[in-house]
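796 is the number of the first residue of the sequence shown in our numbering; add one for each residue after it.
In what follows, a structure is listed as structure tokens, so that the remarks can point back to it.
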Amino acid sequence: MSDSFEKVATHYGLAGIEERILSALQDEGIDIDALTPRDLSPIDQFHTRGILATREHAALAAPREDMHVLDVGCGIGGPARYLASTYGCRVTGVDLTPEFIAVAKMLTERCRLDHFVDFQQANGLDLPFDDSSFDMVWCQNVTMNIEDKAAFYREIARVLKSGGRFTSTEMTTGDAGPPHFPLPWARVPEISFLASQDEMRAALEGAGFTIIEWRDTSAEVVAATQSPIQKARHAKLGIALIAGDDTPERVANSGRSLAEGRLSNVMMVAEK
């Protein structure tokens, strides 16, 4: 693993995530032996706008029951479990961070969804799958930690079937200068590799994709950072359990950077 990938894995890989999550769930009176995706949604939607974004993203991407979906950068498996439980599709999740994969497997078993969803540690630039293995590839807030986006999109295209869809929500650069650090995906600039929306489109098209949906969702993200729902995500049963005690500061910097035009946010669907 290269130095930058090791730094990214270290950024996300906090010790004791499993114990903190299970303890917090029990403190809320939730039966940890009979979990549901709904129980976990305050915790496991580790991306901008949380479960709201996942629902919108899924509605746009339109997965079907007969599909095998690959979730690249799956975190602790929240979106993968949502897709499987809501749409009935089979989902495989991969993530660079071993701590996330261990927790994703544990929570999926406790939700009794392990017959629909599986996980393995992998690098998005070197996926351990044959060509044309998946009907859809799904990403949420992943490419900010990937420097070589052209290579990443080529690897996505390789594992995607002809006519398959790649769908992603990502943070991109704005026009008003660099963002404020620390951020959710990077406490320091050295592991933040933001591209502009134009650069993202060009890299996708260069990898052979045809863009069929492209939505700038920056305004929605700015509004969400100020909403009671967003603020509740940093309560005891929230994403700080997996992201660390500095989560509120990092999310606030993201919202501030978006509001100042230092960041933008996009949701897109492309076809191979």
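Ideal placement from N, C-alpha and C gives every residue a C-beta, glycine not left out.
The C-alpha of Ser1052 is placed about 31 angstroms away from the C-alpha of Met931. If you draw a straight line from the Cα of Phe929 to the Cα of Leu920, it comes to about 16 angstroms. C-alpha of Arg876 to C-alpha of Arg1045: approximately 26 angstroms in a straight line. Taking 8 angstroms as the cut-off, the beta carbon of Thr892 is found no closer than this to the beta carbon of Gly872.
Val1017 and Gly1050 have their C-alpha atoms roughly 6 angstroms apart. Gln935 and Cys869 have their C-alpha atoms spaced approximately 8 angstroms apart. C-alpha of Thr1042 to C-alpha of Leu999: approximately 31 angstroms in a straight line. Contact holds between the stretch 1052-1062 and the stretch 954-968, because three or more Cβ pairs, one in each stretch, are under 8 angstroms apart. Taken through DSSP and simplified to helix, strand or coil, Glu1055 comes out as coil.
Sequence-distant partners of Tyr882 (beyond 5 residues in either direction) whose C-beta falls short of 6 angstroms from its own C-beta, in its chain, are Pro858.
Cβ atoms of Arg905 and Leu978 stay farther apart than 8 angstroms, at about 31 angstroms. Short of 8 angstroms from the beta carbon of Gln916, and not among the five residues preceding or following it, lie these beta carbons of its own chain, in chain order: Val889, Asp890, Leu891, Thr892, Pro893, Ile896. In the DSSP assignment, Phe929 falls within the beta strand (DSSP E) that extends over 929-935. In the three-state scheme derived from DSSP, where H, G and I count as helix and E and B as strand, Gly1001 is classed as helix. Judged by their CB atoms, Val954 and Phe911 are not nearer to each other than the 8 angstroms cut-off.
Shown here for Trp1009: same chain residues with a beta carbon closer than 6 angstroms to its own, the five before and five after excluded, namely Met1063 in chain order. Judged by their CB atoms, Leu847 and Ala1019 are nearer to each other than the 8 angstroms cut-off.
Using a Cβ distance threshold of 8 angstroms, Ile838 and Leu989 do not count as a contacting pair.
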